[in-house]
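Enquirer: Numbering (our numbering), first residue to last: 816 to 1394. Cβ atoms here follow ideal geometry from the backbone N, Cα and C, with glycine treated the same way.
1) Between which two residues does the alpha helix (DSSP H) carrying residue 956 extend?
2) What would DSSP say about residue 1285, mapped onto helix, strand or coil?
3) Would you please state the rounded distance, in angstroms, between the beta carbons of residue 1108 and residue 1296? I believe it to be under 8 Å.
4) CB residue 1003 to CB residue 1206, shorter than 8 Å?
5) Are residue 1222 and residue 1137 touching if we call contact CB-CB under 8 Å?
6) Can you round the beta-carbon distance between residue 896 and residue 857 to whole angstroms, since I take them to be within the 8 Å contact cut?
7) Quick one: using the 10 Å Cβ neighbour count with 16 as the cut-off for buried, is residue 1176 buried or exposed?
8) Suppose you measure from the CA of residue 973 to the CA of residue 1228; what does that come to, to the nearest Å?
9) Closest to residue 1054 by CA distance: which of 1306, 1302, 1330 is it?
10) What does the alpha-carbon distance come out to for the pair residue 905 and residue 1157?
11) So, under 8 Å CB-CB, residue 1201 and residue 1009 are touching, yes? Tell me the CB distance rounded to an integer number of Å.
12) In angstroms with no decimal places, state the Cα-to-Cα distance between residue 1230 and residue 987.
13) Using only the alpha-carbon positions, how far apart do residue 1284 and residue 1020 sit?
14) Quick one: using the 10 Å Cβ neighbour count with 16 as the cut-off for buried, is residue 1290 buried or exposed?
15) Taking all protein chains shown into account, do 16 or more other C-beta atoms lie within 10 angstroms of the C-beta of residue 1089, making it buried, or fewer, making it exposed?
16) In whole angstroms, what is the alpha-carbon distance linking residue 1258 and residue 1122?
17) Give me, in chain order, the residues of the same chain whose beta-carbon lies closer than 8 Å to that of residue 913; leave out the 5 immediate sequence neighbours on both sides.
18) By alpha-carbon positions, which one of 1044, 899, 1269 ends up nearest to residue 1084?
19) Take residue 999 and list the residues in its own chain whose beta-carbon comes closer than 7 Å to its own, dropping the five residues that flank it on each side.
20) If you reduce the DSSP assignment to three classes, tell me which class residue 916 lands in.
21) Buried or exposed for residue 1315, please, with buried defined as at least 16 other CB atoms from any protein chain shown within 10 angstroms of its CB.
22) Assuming contact is defined by CB atoms lying nearer than 8 Å, are residue 844 and residue 868 in contact in what I supplied?
23) At a Cβ threshold of 8 Å, is residue 1002 touching chain C?
24) In angstroms, rounded to a whole number, what distance separates the CA positions of residue 1339 and residue 1333?
25) Have a look at the DSSP bridge pairing and note the partners of residue 1318.
26) Let me check understanding here. Comparing Cα to Cα, which of 1301, 1154, 934, 946 lies closest to residue 922?
27) Quick check on DSSP: helix, strand or coil for residue 844?
28) Residue 1113 to residue 1293, Cα distance in whole Å?
29) In whole angstroms, what is the alpha-carbon distance linking residue 1115 and residue 1092?
30) What is the residue span of the beta strand (DSSP E) that residue 1009 lies within?
31) Using only the alpha-carbon positions, how far apart do residue 1226 and residue 1147 sit?
32) Apply the 10 Å Cβ neighbour rule to residue 1251 and answer buried if 16 or more other Cβ atoms are within range, or exposed otherwise.
33) Rounded to whole angstroms, how far is the Cβ of residue 958 from the Cβ of residue 989, which I believe are closer than 8 Å?
34) If the criterion is Cβ atoms closer than 8 Å, does the pair residue 941 and residue 1261 meet it?
35) Between the alpha carbons of residue 1268 and residue 967, how many angstroms are there, rounded?
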């Protein structure tokens, strides 16, 4: 008779009657009814897919009137004891056999971490008890392609060994085919971790690294500009030592006699660049103003260069040229791998996108998988190895081991969730509570407590290049220098006004009678001197009134040198004779 019933396939009053081979109905649905004066009235349904559905508008209980319905008893967790499987992974789940004082711990007290704190909060909110146990094979869960069987934490849920899994379990589409996941309690993505390398690159131009090439170019251009401005001011200023009187016969009448020539201006500018003083300094106030602003600016430039060079020399770490997963895939020097039977391995194995597809083939060929995260971190720390995993876990490790650092942008973005058996009545309940924990900020407190706290002084290797000083950071210095040049030209204009005012003498007909006439005469002198220099080569050509004075001075200089030689090598009684 039972065998006959299993073969029945008829339309019933509520739904189709159909049984599986073991005699279980394929469609289970019950009507929820109320007893009314005129008989039974349907107010809701229950089935194995949607659970309990009640129409509140027509539901009443003994005594009449509308009442608040109680939760479905099946999804009520109060006073229930759940078997919860976990997987040790710092900082989410950690297991300690003894407390800080050395006393032995037992049962649930052995476990701590972010997931354990979240589980305790859920237990208090929903009123359930739990018993924690660690997964036997120490795996998160991967599906065998040949047998279709799951291992690890997912296997314990699929094969009814646990009621729930609480650990850093990544939500994936493949896993969700056989188990249920709550809303993610933390967002995550994949990246990789590797050790920081000691500085190994040496270059004869390392001394120039504190400044960007553009800044070096601007420094030298400004140095040349200062020299040109100083030379121009020296030639134009009435107070530079070059007389503007056409009839003057004193020494220093030409710019060749002035000690502050263009060569001296150039030497002065470059000497200030290396904090050295020249033989001659500008005499005119306008020239000295330029020197003051140039000295102030170059003082800041040198101080900045010295400080940044010292910072470069004291940095004991050098950033690797690998800054992304694409860079990692494009090289062969550093071996990379993932944890075996993890969601990250499944991602690489199933991906058809480059470079992940190629990386999966390389990892299989090299067999560069690790058995646990601890092994991956150890290899990353001691070997030329990059361990790929979830960024939350790797950031935690890098914050506590200052020899390691995480590299690259996130890929394979996902989240960590609580897993339950397929069609579990508790999934929605836990999802609502996790959403409440996120909105209330409770999860943020846990993340800050367990993950974001760092024991390392932040290493700036990732921003190594950003410490190089550029034009934008030093722009104000050059505004100061070029602004000083502008002030110098204003001072030069004032010098001309003052000098021309002094040239005016109404009592002497040979001197200018007005300021405009004085200005015109000075401009004429400058023009004639420049014209003579370009055509004669030297303003004191043949017939110049001071030519004889120059020759006499040269003769006197030769006589003095000869007398000095006789004084040093001959009898002490010989005295130099001036010509």
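Expert: On the basis of the coordinates in this document:
1) Reading the chain shown from its first residue, position 141 is the one you call residue 956. Counting along the chain, residue 956 falls outside any alpha helix (DSSP H), and DSSP gives it neither H nor E.
2) The residue given as residue 1285 occupies position 470 in the chain shown. Of the three classes helix, strand and coil, the one that applies to residue 1285 here is coil, per DSSP.
3) In the chain shown, the residue the question calls residue 1108 occupies position 293. In the chain shown, the residue the question calls residue 1296 occupies position 481. Residue 1108 to residue 1296, Cβ: 6 Å. Contact.
4) Position 188 of the chain shown holds residue 1003. Position 391 of the chain shown holds residue 1206. A contact, by the Cβ cut-off of 8 Å.
5) The residue you call residue 1222 lines up with position 407 of the chain shown. The residue you call residue 1137 lines up with position 322 of the chain shown. Yes; because the gap between Cβ atoms is below 8 Å, this pair is in contact.
6) Looking up residue 896 in the chain shown gives position 81. Looking up residue 857 in the chain shown gives position 42. Residue 896 to residue 857, Cβ: 35 Å. No contact.
7) For the purposes of this step, residue 1176 is taken as residue 361 along the chain shown, with counting starting at 1. The residue is exposed, with fewer than 16 neighbouring Cβ atoms inside 10 Å.
8) Along the chain shown, one-based indexing puts residue 973 at 158. Along the chain shown, one-based indexing puts residue 1228 at 413. In a straight line, the C-alpha of residue 973 is about 25 Å away from that of residue 1228.
9) Looking up residue 1054 in the chain shown gives position 239. Selected option, being the one with the closest Cα: 1306.
10) Along the chain shown, read from residue 1 onward, the residue named residue 905 stands at position 90. Along the chain shown, read from residue 1 onward, the residue named residue 1157 stands at position 342. Between the alpha carbons of residue 905 and residue 1157 lies a gap of roughly 16 Å.
11) For the purposes of this step, residue 1201 is taken as the residue at position 386 of the chain shown. For the purposes of this step, residue 1009 is taken as the residue at position 194 of the chain shown. Indeed, because the Cβ distance is near 4 Å, the residues count as touching under 8 Å.
12) Against the chain shown, residue 1230 aligns to sequence position 415. Against the chain shown, residue 987 aligns to sequence position 172. About 9 Å.
13) Sequence index remark: in the chain shown, residue 1284 carries index 469 (1-based). Sequence index remark: in the chain shown, residue 1020 carries index 205 (1-based). Those two C-alpha atoms are separated by around 16 Å.
14) Counting from one through the chain shown, the residue named residue 1290 turns up at place 475. Residue 1290 is exposed by the Cβ-count criterion.
15) By one-based count along the chain shown, residue 1089 stands at place 274. Residue 1089 is exposed by the Cβ-count criterion.
16) For the purposes of this step, residue 1258 is identified with residue 443 of the chain shown, where counting begins at 1. For the purposes of this step, residue 1122 is identified with residue 307 of the chain shown, where counting begins at 1. So the two alpha carbons sit approximately 43 Å from each other.
17) One-based indexing of the chain shown puts residue 913 at position 98. 919, 920, listed in sequence order.
18) Translated into the one-based positions of the chain shown, residue 1084 becomes position 269. When each option's Cα is compared against that of residue 1084, the closest is 1044.
19) As a position in the chain shown, residue 999 is number 184, starting the count at 1. These residues qualify, in order along the chain: 986, 1230, 1231, 1232.
20) Counted from its first residue, the chain shown places residue 916 at position 101. Note: residue 916 maps to coil in three-state DSSP.
21) In the chain shown, counting from the first residue as 1, residue 1315 sits at position 500. Burial of residue 1315 is indicated by the presence of at least 16 other C-beta atoms within 10 angstroms of its C-beta.
22) Taking the chain shown and counting its residues from 1, one reaches residue 844 at position 29. Taking the chain shown and counting its residues from 1, one reaches residue 868 at position 53. No. Outside cutoff.
23) The chain labelled as chain C is not found in the depicted structure, where only one protein chain is given.
24) Counted from its first residue, the chain shown places residue 1339 at position 524. Counted from its first residue, the chain shown places residue 1333 at position 518. When rounded, the distance between both Cα atoms is 10 Å.
25) In the chain shown, the residue the question calls residue 1318 occupies position 503. In the DSSP output, where bridge partners are listed per residue, residue 1318 has none listed.
26) Within the chain shown, residue 922 is the residue found at index 107, counting from 1. Residue 922 has its Cα closest to that of 946, out of 1301, 1154, 934, 946.
27) Reading the chain shown from its first residue, position 29 is the one you call residue 844. Looking at residue 844 - three-state DSSP - the assignment turns out to be strand.
28) Counting from 1 along the chain shown, the entry for residue 1113 is found at position 298. Counting from 1 along the chain shown, the entry for residue 1293 is found at position 478. Cα-Cα distance, rounded: 9 Å.
29) Residue 1115 sits at position 300 when you count from the first residue of the chain shown. Residue 1092 sits at position 277 when you count from the first residue of the chain shown. Roughly 17 Å between the two C-alpha positions.
30) Counting from 1 along the chain shown, the entry for residue 1009 is found at position 194. From DSSP, the beta strand (DSSP E) with residue 1009 extends over 1001 to 1010.
31) Counting from 1 along the chain shown, the entry for residue 1226 is found at position 411. Counting from 1 along the chain shown, the entry for residue 1147 is found at position 332. Taking the straight line joining both Cα atoms gives about 21 Å.
32) By one-based count along the chain shown, residue 1251 stands at place 436. Classification of residue 1251: exposed, given that the 10 Å Cβ count is below 16.
33) Within the chain shown, residue 958 is the residue found at index 143, counting from 1. Within the chain shown, residue 989 is the residue found at index 174, counting from 1. The C-beta distance from residue 958 to residue 989 rounds to 6 Å, short enough to fall under 8 Å.
34) For the purposes of this step, residue 941 is taken as the residue at position 126 of the chain shown. For the purposes of this step, residue 1261 is taken as the residue at position 446 of the chain shown. Result no, Cβ atoms of residue 941 and residue 1261 do not sit closer than 8 Å.
35) Residue numbering aside, residue 1268 sits at position 453 when the chain shown is read from its first letter. Residue numbering aside, residue 967 sits at position 152 when the chain shown is read from its first letter. Each residue's Cα considered, the two are about 30 Å apart.
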